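Student: Per my numbering, residue 9 is the first one in the sequence shown, and the count goes up by one each step. Following this message is one structure expressed as structure tokens.
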Amino acid sequence: MNIKFRSSQFVALLLFASLPATTPTLRLAADRAGVLIGAAARPSLLQEAAYAATLSREFNMVEAEDAMKWWTIRPESGKFNFSQGDELVRFAQVHRMLVRGHCLVWDHNNPDWLAHGNFTSAQLSQILHEHITTVVKHYAGQVFAWDVVNEGFDEHGKVRDSIWYNQPGIGLAHVDKDTAYIEQAFRWAHEADPQALLFYNEGEGEGLGIKSDAIYAMLEDFKGRGVPIDGVGLQMHISSFETNLQSVATNMSRISALGLQIHITELDVPVPVKATGVWGGESAHPEDLDRQAQIYRRIVRMCLDNPSCTAIQTWGFTDKYSWIGSHSHGSQGWALPFDRDYRPKAAYNAIAEELARGRNSKR
Ligand code: XIL
9 MNIKFRSSQF VALLLFASLP ATTPTLRLAA DRAGVLIGAA ARPSLLQEAA YAATLSREFN
69 MVEAEDAMKW WTIRPESGKF NFSQGDELVR FAQVHRMLVR GHCLVWDHNN PDWLAHGNFT
129 SAQLSQILHE HITTVVKHYA GQVFAWDVVN EGFDEHGKVR DSIWYNQPGI GLAHVDKDTA
189 YIEQAFRWAH EADPQALLFY NEGEGEGLGI KSDAIYAMLE DFKGRGVPID GVGLQMHISS
249 FETNLQSVAT NMSRISALGL QIHITELDVP VPVKATGVWG GESAHPEDLD RQAQIYRRIV
309 RMCLDNPSCT AIQTWGFTDK YSWIGSHSHG SQGWALPFDR DYRPKAAYNA IAEELARGRN
369 SKR
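Take a look at the structure:
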């Protein structure tokens with residue numbers, strides 16, 4: 009097994025991995041391949057039998073799609089509400105799944121009282137420190153890996169403007185490194201739970217380029233100075249069938265050469281849908297679904313071929329509940345391995361086949 013865990017509590021999962029197979033599932037294939045296969049999920053949907061059954065049968069890892077974000081945990085200033093996150097953790101424990109936490113520091117999905125609170129830097133520093141400490145301690149031993157900072161860079165390779173960085177920021181925007189606030193967040197998270205794996209998570213720049221170069225420079229600096237970071241999350245919301253996946257593999261190689269893990273964290277591959285009034289109706293083109301499957305196949309293979317790539321996660325798992333519909337204003341859909349009736353698609357078969365081939369298979 010190549011999965012690097014810190015805590016012995018996950019031994020149970022590994023033992024489960026060695027049980028004989030009954031039905032082939034993504035989960036069983038991933039357990040055998042020594043990789044985590046996960047999905048983002050919404051606790052409110054666990055009441056739906058097919059949703060819960062598919063999630064627990066097919067995945068050995070789950071991430072809160074929104075349930076551990078500021079807007080859920082901190083609806084009001086001064087109050088923490090862990091009920092949704094706790095529900096997901098309970099589900100995961102019952103089904104022996106690992107839980108990824110998402111996310112501690114982001115400029116989106118924040119409650120209004122925070123986003124428009126006109127706080128001073130000193131106040132924001134105190135608020136962020138309290139948040140990271142309280143949330144990470146609450147989930148210590150339950151969340152094995154955190155996205156500490158999400159989407160910290162812009163498309164020009166600059167640290168993204170945000171309340172945490174420079175608007176007004178937590179007071180570290182004008183020290184010698186632009187990434188000082190990111191470093192501080194990792195240090196606070198590590199203090200709160202030294203066992204948790206800490207990830208920097210980023211999208212729209214998974215391949216080589218000005219953005220990934222800037223992130224790489226930060227990672228190299230952090231590793232060189234002993235900043236507690238364990239890995240990089242590559243979101244992988246695939247925006248085009250023409251995405252240069254070879255370039256992503258090359259970026260993964262240089263990240264792993266720094267001694268960091270890689271998790272593919274938010275994989276989905278939207279396809280164009282024709283306007284039928286309802287996004288994702290019957291209107292996806294079959295050829296597009298085949299091309300989609302090939303992209304899923306190549307991404308799973310890319311991860312399995314890099315020993316540092318320890319998790320593959322899709323952003324949701326059924327087309328019935330994917331963020332892509334609203335995100336694309338109904339122009340795209342069908343992004344996930346299961347259709348709206350929880351039937352496996354060609355993408356599912358592609359993922360399953362690659363997982364079954366395992367790591368370093370010669371094809
Ligand atoms: C999305 C969720 O899927 C939606 O439910 C929510 O309304 C907005 O956020 N990058 C991220 C995720 O890191 O947190 C985002 O999730 C998708 C883009």
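Just so you know, even glycine gets a beta-carbon here, dropped at the ideal spot from N, CA and C. Nothing here was measured: the structure is a model prediction, and the numbers come from that model.
1) Helix, strand or coil for Ile45? Go by DSSP, reduced to three states.
2) Any heavy atom of the ligand XIL closer than 7 Å to the Cβ of Glu73?
3) With 16 as the cutoff for other CB atoms within 10 Å, does Ser85 come out buried or exposed?
4) On the CB-based measure, 16 or more other CB atoms within 10 Å of its CB, does Phe249 come out buried or exposed?
5) Taking just the CA atoms, how far does Thr141 sit from Leu96?
6) If you draw a straight line from the C-alpha of Glu210 to the C-alpha of Lys328, how long is it?
7) What are the complete alpha helix (DSSP H) segments, minimum 4 residues, inside the stretch 124 to 203?
8) For Ile359 and chain B, any beta-carbon pair shorter than 8 Å?
9) Quick check: what's the CA-CA separation for Pro119 versus Gly234?
10) Between Gln243 and the ligand FMN, is the CB less than 7 Å from at least one heavy atom?
11) The alpha helix (DSSP H) with Ala257 in it runs from where to where?
12) Under 8 Å, with one C-beta from each stretch per pair, do the stretch 256 to 265 and the stretch 217 to 237 reach the 3-pair mark?
13) Just reading off the alpha helix (DSSP H) that Ile359 is part of, what are its end residues?
14) If the criterion is Cβ atoms closer than 8 Å, does the pair Gly239 and Leu205 meet it?
15) Straight-line CA distance for His335 to Ala37?
16) Does the separation of the CB atoms of Pro51 and Gln101 fall below 8 Å?
17) For the ligand XIL, any of its heavy atoms closer than 7 Å to the Cβ of Trp196?
18) Going straight from the alpha carbon of Ser64 to that of Ala197, what length do you get?
19) Taking all protein chains shown into account, decide if Arg351 is buried (16 or more other Cβ within 10 angstroms of its Cβ) or exposed.
20) Quick one: is Glu295 buried, meaning 16 or more other Cβ sit within 10 Å of its Cβ, or exposed?
21) Considering Cα atoms alone, identify which of Ser316, Lys353, Ser264 is closest to Gln300.
22) On the DSSP bridge list, what partners appear for Tyr208?
23) Using a threshold of 7 Å, is the CB atom of Glu214 nearer than that to any non-hydrogen atom of the ligand XIL?
24) Whole angstroms are fine: how far does the CA of Ala41 sit from the CA of Arg365?
25) Check each candidate in Arg348, His245, Val279 and name the one with the smallest Cα separation from Gly341.
26) Considering just the uninterrupted stretch of the alpha helix (DSSP H) at Met226, what are its terminal residues?
27) What does the alpha-carbon distance come out to for the pair Thr33 and Ala60?
28) For Phe127, which option in Trp114, Leu44, Ile171 has the closest C-alpha, if you only look at C-alpha atoms?
29) Could you tell me the alpha carbon to alpha carbon distance between Phe18 and Gln150, rounded to whole angstroms?
30) Three or more beta-carbon pairs under 8 Å between the stretch 269 to 278 and the stretch 222 to 234, yes or no?
31) Expressed to the nearest angstrom, what Euclidean distance is found between the alpha-carbon atoms of Thr187 and Glu362?
32) Where does Thr33 fall in DSSP's three states?
33) Would you kindly check if the distance between the Cβ of Ala48 and the Cβ of Gly338 is under 8 Å?
34) Is it buried or exposed, Asn89, if we count other Cβ atoms within 10 angstroms and call 16 or more buried?
35) Determine the contact status of Leu373 and Ile178, defining contact as a CB-CB distance below 8 Å.
Tutor: In brief:
1) strand
2) yes
3) exposed
4) exposed
5) 20 Å
6) 25 Å
7) 129 to 146, 188 to 200
8) In the structure shown, chain B cannot be found, because there is only a single protein chain.
9) 33 Å
10) Although the ligand FMN was asked about, the structure shown includes only the ligand XIL as ligands.
11) 253 to 265
12) yes
13) 354 to 365
14) yes
15) 31 Å
16) no
17) no
18) 28 Å
19) exposed
20) exposed
21) Lys353
22) Val157, Val240
23) no
24) 8 Å
25) Val279
26) 218 to 233
27) 15 Å
28) Ile171
29) Reliability fails at Phe18, whose pLDDT of 46 lies under 50, so the model's placement of it is uncertain and the value that follows must be treated cautiously. Rounded to the nearest angstrom, the two C-alpha atoms are 10 Å apart.
30) no
31) 37 Å
32) coil
33) no
34) exposed
35) This structure leaves residue 373 out entirely; the chain is present only between 9 and 371.
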